[in-house]
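The structure appears below as structure tokens.
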Amino acid sequence: MTSTRRLHRNPSFRNPTFLSTWLLWLIGFLAFPIAGLAGTAVGGRVSNPVSALIGGAVCGVVIGVGQVLVSRRRLDPLIWIPLTGIGMGLGLLFGSTVVNYRTTLVELALMGAITGLVLGAAQAVALPHRARRRWLWSIGVAALWALGWTLTTLAGGDVDAQSTNFGAIGAMAFTALSGLLLHVLLPFHPTSGMWLRSSPVTTSL
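Using the working numbering, you'd call the opening residue of the sequence shown number 124 and step up by one each time.
Here it is in structure tokens:
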């Protein structure tokens, strides 16, 4: 009688859970302060159409890179990053022009909603074909971008500096809630069926 080992396919072992996938996405909030610094360094204060367009585009590219890195390969970098840059640049241009570059709470919330709507529409186009109800991403990003500016203002952030995007508190809120929305529209399906476990099998000679 001999003993051999048979491998069993275990589709759940080491598969990322929803929580781990969401927490990884949450780390992406770190891209926002970096994006703000980069956008301001290149475009300057958001006080005119040129600075809004250029600074917003640079900011969007950095945010897009950060989101791709924490997306668990759900987002195509060749599509997501450039469209995020374009959407952010145009969105900030339109939003800041509408409020005439003013920085009161109401005006920043309105600017955020407009910026987020354009940005969200661009990113919705970049979502993979398997995404469900992608139009909800546009609405969600618009609401959350407005929320980001609102929280930053209420928390006493230096909004008069006319940065390209909101501060850390707003970034954390946006990232946390957008991660939930992304899970609904584009859930992560890890590759299953890895040969991970073995058990002894007794055979007779």
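The beta carbon of each residue, even a glycine, is placed where N, CA and C say it ideally should be. Just so we're clear, the structure is a prediction, and the values are computed from it rather than from any experiment.
Where the alpha helix (DSSP H) through Ala-249 begins and ends: In this chain, the alpha helix (DSSP H) harbouring Ala-249 covers 228-249.
Are the CB atoms of Met-234 and Trp-272 nearer to each other than 9 Å? Trp-272 is positioned such that its CB atom lies closer than 9 Å to that of Met-234.
Report back the beta-carbon spacing between Leu-231 and Thr-276 to the nearest angstrom; my notes put them in contact at under 8 Å. Here Leu-231 really is in contact with Thr-276; their C-beta atoms are around 6 Å apart, less than 8 Å.
Which residues mark the beginning and the end of the alpha helix (DSSP H) in which Pro-200 is found? First-last of the alpha helix (DSSP H) with Pro-200: 200-221.
Coarse secondary structure for Gly-162, derived from DSSP in three states: Gly-162 falls in the helix class under three-state DSSP.
Nearest by alpha-carbon distance to Trp-145: which of Gln-190, Gly-239, Ala-254 and Arg-255 is it? Selected option, being the one with the closest Cα: Gln-190.
I need the straight-line Cα distance from Ala-284 to Thr-207, nearest angstrom please. When rounded, the distance between both Cα atoms is 23 Å.
Quick check on this structure: which residue in His-312, Asp-281, Val-264 and Asp-199 has the alpha carbon closest to the alpha carbon of Ala-236? Selected option, being the one with the closest Cα: Val-264.
Mind checking which residues open and close the alpha helix (DSSP H) that includes Leu-153? First-last for Leu-153: undefined, no H or E at that position.
When Ser-219, Ile-204, Asp-199 and Asn-171 are compared against Ile-186, the one with the closest alpha-carbon: Ile-186 has its Cα closest to that of Ile-204, out of Ser-219, Ile-204, Asp-199 and Asn-171.
Any idea what DSSP makes of Gln-285, helix, strand or coil? Three-state result, Gln-285: coil.
Assign Ile-150 to buried or exposed, taking buried as 16 or more other Cβ atoms, counted over all protein chains shown, within 10 Å of its Cβ. Counting Cβ neighbours within 10 Å, Ile-150 comes out exposed, since fewer than 16 surround it.
Once you ignore the five residues that flank Ala-245 on each side, which residues in its own chain have a CB closer than 7 Å to its CB? Result list for Ala-245: Leu-206, Thr-207, Ile-209 and Gly-210, in chain order.
Taking all protein chains shown into account, do 16 or more other C-beta atoms lie within 10 angstroms of the C-beta of Cys-182, making it buried, or fewer, making it exposed? By the C-beta density criterion, Cys-182 is buried, having at least 16 other C-beta atoms within 10 angstroms.
Chain-order list of residues whose beta-carbon lies under 6 Å from that of Val-229 (same chain, five-residue window excluded): Around Val-229, the same chain offers no residue with a beta carbon nearer than 6 Å, after the five sequence neighbours per side are excluded.
How big is the Cα-Cα spacing for Arg-197 and Ala-278? Roughly 33 Å separates the two Cα atoms.
Cα-Cα separation between Leu-240 and Ala-247, rounded to whole angstroms: The straight-line gap from Cα to Cα measures roughly 10 Å.
Measure the alpha-carbon distance for Val-307 versus Phe-297 and round it to whole angstroms. Straight-line Cα distance between these residues: approximately 16 Å.
Can you grab the Cα-Cα spacing for the pair Thr-227 / Ile-177, in whole Å? Spanning the two alpha carbons is a distance of roughly 23 Å.
Can you grab the Cα-Cα spacing for the pair Ser-143 / Arg-195, in whole Å? Roughly 11 Å between the two C-alpha positions.
Where Trp-258 falls, given that 16 or more other Cβ within 10 Å makes a residue buried: Under this definition Trp-258 is an exposed residue.
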